[in-house]
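A.B. asks:
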Amino acid sequence: MAQLGFLGLGIMGYPMARHLVKSGHEVALWSNTGSKVKELAKEGKATACATPKEVAERADYIFYCVGDSAMARAIATGSGGLIEGVRKNAVIADCSTIAPSVSKEIGAAFAAKGANFLDAPCTGSKPGAEGGTLTFMIGGDNVAWERARPYFEIMGKVFYYCGAAGQGLQAKLTQNLILANIMQAFAEGMVLATKGGIAPELMLDILNNSAAKSGLISYKAPYILERNFQTNFATKWMAKDVGLALESAKSMDVPLPATALTEQMLRAAIASGFGEEDFCSTIRVLEDWAGVVVRK
């Protein structure tokens, strides 16, 4: 039986942590929302902790999933953070999507304490987290990754070791950049087709039987046509990730013209009040401009 830790019980983190708790291992839990911690702790050999430091004192393998770079820095190296209680040779895995530069900074701090740090962002949204079928992209020491792998396998099914520190995040930002651009192209096309008199169901069927077919669109389109924008991956978090991709590109002098426009459309969706909704809700900005609604 391993001693594990998990921090951050949001849309993704709660079901991820729940799989660890249900697996029979000892799990130390922490989240900003204490009620979630107490609720989950009842489901197995789990301990509700008052601080990230307390989690670190109780665990050899620690995972966390939070919203952004500032949150990651706070729980990892801030006051009362993991670094204050981390065990020597422990493995800490950040499953969030944050800036690669911040991740490397956090990793260096843990290395100075004799601990191992992995950037391990995941994809699969809420259904993948609930089903234990997430895909992880890992950066950091390969030996540390192999040590932690059995516990990752409780939460996910597909794993890509991408290389040195920060490389997992670089892969994840690239993936989300492409997802966001595909969604923007789909929104523009569907609004154009609908305005031009093509039934959305017909247009979707054409797309699904052509070279324009996309797994993302096949999954998201039914939600759009049903006007169901419940959150699987929030617009505000996609905007954050696309912004991080643009920052990374700027640091390497890589032009991303289409992505820059997509980020502005995500910002427009947030300004329109759709930030907490699923990122497929960005189509509503274009619908409003064009005076049409893409629905069944």
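Residues 33 to 328 (this note's numbering) make up the sequence shown, in order. Where a beta carbon is used, it is the ideal one built from N, C-alpha and C, also for glycine.
For Ala237, count neighbouring Cβ atoms within 10 angstroms of its own Cβ and tell me buried if that reaches 16, exposed if not.
C.D. replies: Reading the sequence as shown, one finds Asp at residue 237 and not Ala. With fewer than 16 Cβ atoms within 10 Å of its Cβ, Asp237 is classed as exposed.
A.B. asks: Taking just the CA atoms, how far does Gly228 sit from Leu331?
C.D. replies: Since the first residue of the chain shown is 33 and the last is 328, residue 331 is not available in this structure.
A.B. asks: Just mark Ala290 as buried or exposed, buried being the case when its beta carbon has 16 or more other beta carbons within 10 Å.
C.D. replies: The residue is exposed, with fewer than 16 neighbouring Cβ atoms inside 10 Å.
A.B. asks: Where are the beta strand (DSSP E) runs, 3 residues long or more, that stay fully inside the region 172-210, in chain order?
C.D. replies: 188-195, all fully within the region 172-210.
A.B. asks: Less than 7 Å between the C-beta atoms of Val317 and Ala301, yes or no?
C.D. replies: Yes.
A.B. asks: Three or more beta-carbon pairs under 8 Å between the region 193-206 and the region 249-264, yes or no?
C.D. replies: No: the two stretches stay apart, fewer than three of their Cβ pairs being nearer than 8 Å.
A.B. asks: Using CA coordinates, which residue listed in Ile94, Ile124 and Ile130 is at the minimum distance from Met103?
C.D. replies: Among Ile94, Ile124 and Ile130, the Cα nearest to that of Met103 is on Ile130.
A.B. asks: Please go through the region 39-99 and give each complete alpha helix (DSSP H) segment of 4 or more residues, from N-terminal end onward.
C.D. replies: Within the region 39-99, the complete alpha helix (DSSP H) runs of at least 4 residues are 45-54, 66-73 and 84-90.
A.B. asks: Drop a sphere of 10 angstroms on the beta-carbon of Trp62, count the other beta-carbons inside from all chains shown, and report buried for 16 or more, exposed for fewer.
C.D. replies: So Trp62 counts as buried.
A.B. asks: Are the region 257-272 and the region 170-183 in contact at 8 Å, needing three or more beta carbon pairs?
C.D. replies: Segments in contact, no.
A.B. asks: Please tell me whether Asp151 and Asp173 are closer than 7 Å, where the distance is taken between their beta carbons.
C.D. replies: Their beta carbons are not under 7 Å apart, which means Asp151 does not touch Asp173 by this criterion.
A.B. asks: Closer than 8 Å by C-beta to Leu257: which residues in its own chain qualify, once you throw out the five before and the five after it? Chain order, please.
C.D. replies: Only Pro232, Glu233, Leu236, Val326, Arg327 and Lys328 meet the Cβ criterion.
A.B. asks: Got a sec? Which residues, its chain only, sit under 7 Å from Gln35 by beta carbon, not counting five neighbours each side?
C.D. replies: Hits under 7 Å: Glu58, Arg90, Ala91 and Asp92.
A.B. asks: Expressed to the nearest angstrom, what Euclidean distance is found between the alpha-carbon atoms of Ala225 and Ser283?
C.D. replies: In a straight line, the C-alpha of Ala225 is about 38 Å away from that of Ser283.
A.B. asks: Under three-state DSSP, which class holds Phe149?
C.D. replies: Strand, per DSSP.
A.B. asks: Hey, would you say Lys145 sits closer than 7 Å to Val118, going by beta carbons?
C.D. replies: In contact: Lys145 and Val118 (Cβ atoms closer than 7 Å).
A.B. asks: In whole angstroms, what separates the C-alpha of Asp320 from that of Glu86?
C.D. replies: Asp320 and Glu86: Cα-Cα distance of roughly 49 Å.
A.B. asks: Measuring straight from C-alpha to C-alpha, what distance separates Ile43 and Ile230?
C.D. replies: Those two C-alpha atoms are separated by around 36 Å.
A.B. asks: Any idea what DSSP makes of Cys312, helix, strand or coil?
C.D. replies: If DSSP states are grouped into helix, strand and coil, Cys312 belongs with the helices.
A.B. asks: Within 10 angstroms of its Cβ, does Met33 collect 16 or more other Cβ (buried), or is it exposed?
C.D. replies: Its Cβ having fewer than 16 others within 10 Å, Met33 is exposed.
A.B. asks: Measure the C-alpha to C-alpha separation of Leu39 and Ala80 and round it to an integer number of angstroms.
C.D. replies: Their Cα atoms are separated by approximately 10 Å.
A.B. asks: Which same chain residues end up closer than 8 Å to Gln202 when comparing Cβ atoms and leaving out the 5 residues on each side of it in sequence?
C.D. replies: These residues qualify, in order along the chain: Pro132, Gly171, Cys194 and Ser280.
A.B. asks: For Ala212, which of Ala49, Leu298, Pro47 and Gly56 has the nearest alpha-carbon?
C.D. replies: Checked all of Ala49, Leu298, Pro47 and Gly56; the closest Cα to Ala212 is Leu298.
A.B. asks: Under the three-state reduction of DSSP, which class applies to Ala266: helix, strand or coil?
C.D. replies: Correct three-state label for Ala266: strand.
A.B. asks: Just to confirm, are Ala73 and Gly37 a CB contact at a threshold of 7 Å?
C.D. replies: Not closer than 7 Å, so no.
A.B. asks: Report the three-state DSSP secondary structure of Val134 (helix, strand or coil).
C.D. replies: Val134 falls in the helix class under three-state DSSP.
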